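What follows is a set of notes on a single structure, which appears directly below.
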Amino acid sequence: MRRQLLHSMLTVVIATAGGAIISLSITPTSAQAPAASAEGPTAALKTPWGEPDLQGIWMDEVDTPLQRPAKYAGQEFFTAAQREELDKERSELSRDSRRERGTEADLAGTDNTFGWYHKRTAARTSLIVDPPDGRIPPLTPEAQKAVAADREFRLATIQSTETCRTEMAQCRGGKYDPTPSPRRSEPPPRYNATESQRYNRRDGPEDNSLSERCLSRGLPEFSNALGGSLRRIVQTPGGISIFYEIPFGQGFQRNIAMDGSPHLPVGIRQWFGDSRGHWEGDTLVIDVTNFSPKTDFEGSRENLHLVERWTRTGPTTLDYVVTIEDPTVWTRPWTVRQEFIRPSDQANRIYYEPRCIEANYSYPALLRGARMEELAFKQGRGPDPATRDSVFSDRRTRFDPLQ
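Take any residue in the sequence shown, count from 1 to its spot, add 3: that is its number in the numbering used here.
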């Protein structure tokens, strides 16, 4: 597929491998520096029971990196010329990333992970607005040790494979050794809860990443390498539900308790945490705790704490600000801001489909295949599985003109 630069009208179609299909037609507007909405007062945007009305399907129409790229250090906003140049680079991208036909790179590169629809460069150079440098705060010494241990174990599982022999990016920081590492049979330092990390073995489903097991990343959610995501907010008296639609069927739904009750007991952990909300004027404030240790956001797990603020700033605009903290991982809290738009209700179309279920069918076969490879090697009929890349080495690259 080829990317086309769209001008006056932007048509968005997201078709996940088991998620909702959402078709949106919107007329883009120029993204400006964050400022008060010019759409008028929001006093009339109330539900029939008198709460601020946040309902609808919301999307982020522009692409902003989570962290500010080093080459834009000290620059909070792009210049008009920079945005024009970055958009030009995007429009010229070819999605066909294949090279020599019939090679592994050909077969693995048919799906370029840049995204499913065209997004323009935003005004801000990072979603992070605090710290002022637009970067995630430094890790604590304990968190650095945990990250290093995870990486060392993963590199040990691939040291005797083609990935390290050919010095591919996935082996950066490691070295090639034709002798399989004895660590390959060890349990990992901690549960594999990352979006993309894999171990070069299939002793169990946990050796592969969350997404390959049809497990969503969880909160907070700022889109991913496949493009943007959408939120559908539904309100009832005393309750709010937010549905997240993410490419490849990785979407999820969260429910926010609005009855003033306290958080769940500390021993009860949930994939998307425990959300308790209340209103502060026209702003929905949600306090989220009790995350599962089997989820991971930038290194933070069960101690992750979020304070979200959702504010309707106009008939078609929604402001989202979240403060993220975990004193066991980062040296200070940090804050992200996203600005969403609401496309025309008449143009919205949602077709519900089953969620991501591929792993439920494929993993028994993958595990069975791994056992057969091990048996063949033991009987002298095949190579040592430890010297082969038993997991897909991701050669796909996301086009990112900001990097």
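Just so you know, even glycine gets a beta-carbon here, dropped at the ideal spot from N, CA and C. Model, not experiment: these values are computed from the prediction.
Query, Result
"How about Thr160 and Arg204: do their beta carbons lie closer than 8 Å?", "yes"
"Contact between the segment 67–77 and the segment 126–134 is defined here as three or more beta-carbon pairs at a separation below 8 Å; is this criterion met?", "yes"
"Go through the segment 256–282 residue by residue and report every complete run of the alpha helix (DSSP H) that reaches 4 residues or more, in order.", "none"
"Please give me, in chain order, every unbroken run of the beta strand (DSSP E) with length at least 3 that falls completely inside the segment 128–164.", "131–133"
"Please classify Arg257: is it buried, with 16 or more other beta-carbons within 10 angstroms of its beta-carbon, or exposed?", "buried"
"Measuring alpha carbon to alpha carbon, tell me which of Ile249, Phe294, Arg187 ends up nearest Asp63.", "Ile249"
"Helix, strand or coil, according to DSSP, for Asp180 in the structure here?", "coil"
"Can you look up Glu198 in the DSSP assignment and give me helix, strand or coil?", "coil"
"Roughly how many whole angstroms lie between the Cα atoms of Gly207 and Leu218?", "15 Å"
"Terminal residues of the continuous beta strand (DSSP E) containing Phe343?", "337–344"
"Since Val332 sits in a beta bridge, which residues does DSSP pair it with?", "In the DSSP output, where bridge partners are listed per residue, Val332 has none listed."
"For Gln253, write down the residues that DSSP places opposite it in a beta bridge.", "Beta-bridge pairing links Gln253 to no other residue."
"Could you pull out every residue in the same chain whose Cβ sits closer than 6 Å to the Cβ of Tyr323, ignoring the five residues on either side in sequence?", "Trp313, Gln341"
"Whole-angstrom Cβ separation of Ser163 and Ala389, contact assumed at under 8 Å?", "6 Å"
"Look up Pro190 in the DSSP assignment and say whether it is helix, strand or coil.", "coil"
"DSSP beta-bridge partners for Met2?", "Residue 2 falls outside the range modelled here, since the chain spans only 4 to 406, and no answer is possible."
"For Asp392 and Glu165, I'd like the C-alpha separation in whole angstroms.", "7 Å"
"Can you look up Asp299 in the DSSP assignment and give me helix, strand or coil?", "coil"
"To the nearest angstrom, how far is it from the Cα of Thr298 to the Cα of Val132?", "24 Å"
"So does the segment 320–334 actually touch the segment 298–308, counting three or more Cβ pairs closer than 8 Å?", "yes"
"Thr82 bridges to which residues according to DSSP?", "In DSSP, Thr82 forms no bridge with anything."
"Please name the residue, chosen from Ala73, Gly383, Asn195, Gln253, that lies closest to Gly137 on a Cα-to-Cα basis.", "Ala73"
"Give me the Cα-Cα distance between Ser226 and Ser232, rounded to the nearest whole angstrom.", "5 Å"
"By the 10 Å Cβ neighbour count, where 16 or more other Cβ atoms means buried, how is Trp52 classified, buried or exposed?", "exposed"
"In or out: Val339 buried (at least 16 other Cβ within 10 Å) or exposed?", "buried"
"Are the CB atoms of Leu89 and Trp333 within a distance shorter than 8 Å?", "no"
"Looking only at its own chain, which residues have a Cβ that is under 7 Å from the Cβ of Ser365, when we skip the five neighbours before and after it?", "none"
"Nearest to Gln173 by CA position, among Leu158, Thr182, Pro183, is which residue?", "Leu158"
"What residues are listed by DSSP as bridge partners for Pro185?", "Bridge partners of Pro185: none, in fact."
"Run through the DSSP bridge pairs and tell me what Gln238 is partnered with.", "Ile243"
"What's the call for Pro386, buried or exposed, on a 16-neighbour Cβ count within 10 Å?", "exposed"
"For Leu57, count neighbouring Cβ atoms within 10 angstroms of its own Cβ and tell me buried if that reaches 16, exposed if not.", "buried"
"Please determine, among Lys49, Ala379, Arg272, Ser244, the residue with the shortest C-alpha to C-alpha distance to Met261.", "Ser244"
"Taking the DSSP output, what are the residues bridged to Thr326?", "Val310, Thr338"
"Give the straight-line distance between the Cα atoms of Tyr194 and Gly302, rounded to the nearest whole angstrom.", "12 Å"
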